[in-house]
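Just so you know, the sequences run in chain order A and B. Position one of the first sequence corresponds to residue 13 (the working numbering), numbered consecutively onward. Position one of the second sequence corresponds to residue 71 (the working numbering), numbered consecutively onward. Notes for the one structure printed next.
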Amino acid sequence: MIEWLSGGLFIAGATLALLAGVGVLRMPDVFTRMQASTKASTLGLQCLLAAVALRNPELSFVVRAASIAAFMLLTTAVAAHVIARAAARSGVALWPGTLVDERPRGTAGRDTDTTPHP
Amino acid sequence: MDSIPSVPSLVALAVLAVAAALTFVRLAKGPTLPDRVIAIDLIGVLMVCLLVVMAGTTAQQAFLDVAIVVALISFVGTVAYARYIEREGS
Chain A
13 MIEWLSGGLF IAGATLALLA GVGVLRMPDV FTRMQASTKA STLGLQCLLA
63 AVALRNPELS FVVRAASIAA FMLLTTAVAA HVIARAAARS GVALWPGTLV
113 DERPRGTAGR DTDTTPHP
Chain B
71 MDSIPSVPSL VALAVLAVAA ALTFVRLAKG PTLPDRVIAI DLIGVLMVCL
121 LVVMAGTTAQ QAFLDVAIVV ALISFVGTVA YARYIEREGS
């Protein structure tokens, strides 16, 4: 039973990671690529960690898997945000089919945020 | 646990290798610098995934320790690249 469950989680996690790779290759601009890679790879890694913890139910494995899961949940979101902010500020062009651009007209690529960043 | 690798984890290793190959294509093609940084970040996460699957396959917990270190270094590298892009422009 545990074998089947962990096997299914292995396949699901690897498939989600493959989706992240396909999304990074096929999406049209920086921001859509970034969200595809971040979300799919985060969920895929969580599935793989759950599979490993199920397959090796010892304290050392479970604690390490849980700490990797918590750390990656925190850092992938922060890394994606930082890259998106850098791309937006350095004036990367949006996909031509974009419907909503909430930046003020004519200021795309300029630094409109007045908060100082170290 | 048994040390014989199960079929699903071997399939997972192959699928993760394909995902890394697709990401390398984007890393080579990427029209702008942020594209390449995203590809490098995803390659780091896929490396962590590979190490986790290897830990499950071989029942060696040392792979999980290595995965923690790779995740840390990958995050710091991504933030440094983003800071560089913000300062220099793409």
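Think of the CB as a built atom: it goes at the ideal place given N, C-alpha and C, for glycine as much as any other residue.
Proximal chain A residues relative to residue i, where beta-carbon distance stays under 8 Å
i	result
I143/B	Correct list: empty, because the minimum Cβ distance to chain A is about 11 Å.
T102/B	V42, A99, V104
T148/B	A91, V94, I95
V81/B	F22, I23, A26
Rounded C-alpha distance that separates residue i from residue j
i	j	result
D80/A	I138/B	As written in the sequence, residue 80/A is Ile, which differs from the Asp given in the question. Those two C-alpha atoms are separated by around 6 Å.
Y151/B	G114/B	14 Å
P69/A	K99/B	42 Å
S53/A	A29/A	5 Å
K51/A	L112/B	11 Å
T127/B	R115/A	48 Å
F94/B	P104/B	14 Å
A132/B	L116/B	18 Å
Burial state of residue i (16 or more Cβ within 10 Å)
i	result
M46/A	buried
S72/A	exposed
E156/B	buried
M13/A	exposed
V33/B	Residue 33/B is absent from the structure shown; chain B starts at 71 and stops at 160.
I143/B	exposed
Proximity test, Cβ basis, 8 Å: residue i and chain B
i	result
A82/A	no
A78/A	no
L57/A	yes
R115/A	no
Listed by chain order, chain B residues near residue i by CB distance under 9 Å
i	result
T134/A	Limits of chain A in this structure are 13 at one end and 130 at the other, which puts residue 134/A out of reach.
V74/A	Simply none; closest approach about 10 Å.
CB contact below 8 Å: residue i versus chain A
i	result
R96/B	yes
V136/B	no
M117/B	no
V139/B	no
7 Å Cβ cut-off: residues of chain B touching residue i
i	result
M46/A	I108
L71/A	Those do not exist, as L71/A stays about 10 Å from chain B at its closest Cβ, beyond 7 Å.
Partner residues on chain B for residue i, Cβ-Cβ distance less than 8 Å
i	result
A62/A	Result: empty, since nearest Cβ-Cβ is about 10 Å, beyond 8 Å.
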